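Student: To convert, note that position 177 of the sequence shown is 192 in my numbering; the numbers rise steadily by one, no gaps. Ideal Cβ positions, reconstructed from N, Cα and C, are used throughout, including at glycine. No experiment lies behind these values; they were computed from the predicted model shown.
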Amino acid sequence: MMIWQGLEVFLAVVEQGSFSKAAEKLEVSTSYVSRQVLQLEQRLGTVLIQRTTRTQNLTDAGRQYAAKLKVIQQELIDATNQAQGVQNTPKGLIKIAAAGDFVANQVAPRIADFLKLYPEVTVDLDFNNRNVDLVEEGFDLAIRFGQLQDSNLVARKLCTRPMTWVVSKDYQSQHGDIHHPYELHQHNCLSATHGRWRFVICQQQEEVKVSGNWRSNNSFALINACLAGLGVAHLAKDIVQPYVEQGQLTYILEPFQVNDGATWLVYPRKDLMPYRVRLLIEFLLNGFAKK
Numbered sequence: 016m017m018i019w020q021g022l023e024v025f026l027a028v029v030e031q032g033s034f035s036k037a038a039e040k041l042e043v044s045t046s047y048v049s050r051q052v053l054q055l056e057q058r059l060g061t062v063l064i065q066r067t068t069r070t071q072n073l074t075d076a077g078r079q080y081a082a083k084l085k086v087i088q089q090e091l092i093d094a095t096n097q098a099q100g101v102q103n104t105p106k107g108l109i110k111i112a113a114a115g116d117f118v119a120n121q122v123a124p125r126i127a128d129f130l131k132l133y134p135e136v137t138v139d140l141d142f143n144n145r146n147v148d149l150v151e152e153g154f155d156l157a158i159r160f161g162q163l164q165d166s167n168l169v170a171r172k173l174c175t176r177p178m179t180w181v182v183s184k185d186y187q188s189q190h191g192d193i194h195h196p197y198e199l200h201q202h203n204c205l206s207a208t209h210g211r212w213r214f215v216i217c218q219q220q221e222e223v224k225v226s227g228n229w230r231s232n233n234s235f236a237l238i239n240a241c242l243a244g245l246g247v248a249h250l251a252k253d254i255v256q257p258y259v260e261q262g263q264l265t266y267i268l269e270p271f272q273v274n275d276g277a278t279w280l281v282y283p284r285k286d287l288m289p290y291r292v293r294l295l296i297e298f299l300l301n302g303f304a305k306k
């Protein structure tokens, strides 16, 4: 069918970054690649690749089209593997978006264990703090912490990670004890993102506005500022617990703690998921369930 014509060539250009490199990979002429892409654009009635004499860049339509085609391409590969009875040996790329020290220290080692079992799988673990569009940017999976926004994505809880508040003994001795969340407006609050912290007050969740002179999206930067006596830090309990056990930091406001913090595996709907991704998700969920 004509609908398939030029799709493999177009994806090769996307993956290789140029018409000439795509031609080299496909072992055809550059003019053939250019002609196939042009005919595809004419059938679609839109420009997919903006060409100049030196560069070829995807248009917005081209990026969206390529993302959808990659999903279809992988489904075809998985279907072929299943038909040939080779699903027990998964192979191919898994692209993961993640952020945070918990992923680096706790999740990444388990992904490494997964690759030992399935050496023909390749993982690209991209650490960033953006709320990436998984489908458009070609990610198979995201690992996210905290409250999730409503979306069309599937989310499964990897583990519960309650948030807590800590101060150094130096800060506490200089500024006094903090007995209630409402007292935080009198203190320097070290924040990871926005200036609102959640508490359970009178059996109801409530946000308290806080402010301070130190903000960072890195947990250890916040911990080091807290250790230096700069102020009150709001962090996942598993991150700060070693410092509390060593006597370097002290928990505060524990009766007001919200216990719904969690790390999630987030991915597009399951019927579009490659077998290797499904296998990794179950491997991680099982690993943390036994923890």
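Figure out for me which residue from Lys252, Ala82, Lys40 and Gln65 has the closest Cα to the Cα of Gly153.
Tutor: Of Lys252, Ala82, Lys40 and Gln65, the residue nearest in Cα terms is Ala82.
Student: Output yes or no for whether 8 angstroms exceeds the beta carbon distance between Ser206 and Arg230.
Tutor: For Ser206 and Arg230, yes; Cβs fall inside 8 angstroms.
Student: Would you call the region 270-282 in contact with the region 157-164, where contact means no fewer than 3 C-beta pairs closer than 8 angstroms?
Tutor: Result yes; three or more Cβ-Cβ pairs closer than 8 angstroms.
Student: Using beta-carbon positions only, say whether Lys106 and Arg293 come within less than 8 angstroms of one another.
Tutor: Going by C-beta atoms, Lys106 is not nearer than 8 angstroms to Arg293.
Student: When the Cα of Gln261 is compared with those of Lys184, Thr104, Gly246 and Ala170, which residue comes out closest?
Tutor: Minimum Cα distance to Gln261 is reached at Lys184.
Student: Could you tell me which uninterrupted alpha helix (DSSP H) segments, each at least 4 residues in length, are contained entirely in the region 29-76, listed from first to last along the chain?
Tutor: Listed in chain order, the complete alpha helix (DSSP H) runs (minimum 4 residues) inside the region 29-76 are 34-41 and 45-59.
Student: Based on the DSSP output, what are the partners of Trp180 in its beta bridges?
Tutor: According to DSSP, Trp180 bridges with His249 and Ile267.
Student: Spatial neighbours of Met16 within its chain, please: CB distance less than 7 angstroms, with the 5 preceding and 5 following residues excluded, ordered by chain position.
Tutor: Bear in mind that a pLDDT of 48 at Met16, under 50, signals an unreliable position, so the number given afterwards is only what the model happens to contain. Excluding sequence neighbours, Met16 sits near nothing in its chain.
Student: Give the secondary structure of Thr109 by DSSP, where H, G and I count as helix, E and B as strand, and everything else as coil.
Tutor: According to the sequence provided, residue 109 is Ile. The question's Thr does not apply to it. Strand, per DSSP.
Student: Going straight from the alpha carbon of Tyr186 to that of Gln263, what length do you get?
Tutor: When rounded, the distance between both Cα atoms is 11 angstroms.
Student: Report yes if the CB atom of Gln272 is closer than 8 angstroms to the CB atom of Val215, and no otherwise.
Tutor: Going by C-beta atoms, Gln272 is nearer than 8 angstroms to Val215.
Student: Please go through the same chain and pick out, in chain order, the residues whose beta-carbon is closer than 6 angstroms to the beta-carbon of Ala240, but skip the five residues on each side of it.
Tutor: If we look at Ala240 and ignore the five residues flanking it on each side, its Cβ neighbours are Leu205 and Trp229.
Student: With DSSP as the reference, label Asp185 as helix, strand or coil.
Tutor: In the structure shown, Asp185 sits in a helix (DSSP, three-state: H, G or I).
Student: Starting from Tyr133, follow the beta strand (DSSP E) in both directions and report where the run begins and ends.
Tutor: Run containing Tyr133: none; DSSP gives neither H nor E here.
Student: Just how far apart, CA to CA, sit Ala38 and Asn146?
Tutor: Roughly 35 angstroms between the two C-alpha positions.
Student: Provide the residue(s) that pair with Ala207 in DSSP beta bridges, ordered along the chain.
Tutor: Bridge partners of Ala207: none, in fact.
Student: Closest to Arg69 by CA distance: which of Val43, Ser35, Asn274 and Gln57 is it?
Tutor: Per the Cα distances, Ser35.
Student: Let me check one thing: in DSSP terms, what residues is Arg291 bridge-paired to?
Tutor: Answer by DSSP bridge pairing: none, since Arg291 is not bridged.
Student: Using the Cβ count rule (16 or more neighbours within 10 Å means buried), how would you classify Trp180?
Tutor: Result: buried.
Student: Could you check the C-alpha separation between Ala114 and Ser46 for me, to the nearest Å?
Tutor: For Ala114 and Ser46, the distance between alpha carbons rounds to 42 angstroms.
Student: Excluding the 5 residues flanking Leu173 on each side, which residues of the same chain have their C-beta closer than 8 angstroms to its C-beta?
Tutor: The answer, listed in chain order, is Val122, Ile158, Ala277, Thr278, Trp279, Leu280, Leu299, Leu300 and Phe303.
Student: Among all the DSSP beta bridges, which residues are the ones paired with Val169?
Tutor: Val169 pairs with Tyr282.
Student: From which residue to which residue does the alpha helix (DSSP H) around Ile238 run?
Tutor: First-last of the alpha helix (DSSP H) with Ile238: Ser234 to Leu242.
Student: In this structure, does DSSP put Glu222 in helix, strand or coil?
Tutor: Residue state, collapsed to three classes: strand.
Student: Helix, strand or coil, according to DSSP, for Val118 in the structure here?
Tutor: Looking at Val118 - three-state DSSP - the assignment turns out to be helix.
Student: Taking the beta strand (DSSP E) that Leu156 falls in, what are its first and last residues?
Tutor: Leu156 to Phe160 is the extent of the beta strand (DSSP E) around Leu156.
Student: Going straight from the alpha carbon of Glu90 to that of Leu73, what length do you get?
Tutor: Computed Cα separation, rounded: 23 angstroms.
Student: Here's the rule: buried if 16 or more other CB atoms are within 10 angstroms of the residue's CB, otherwise exposed. What is Glu269?
Tutor: Glu269 comes out exposed.
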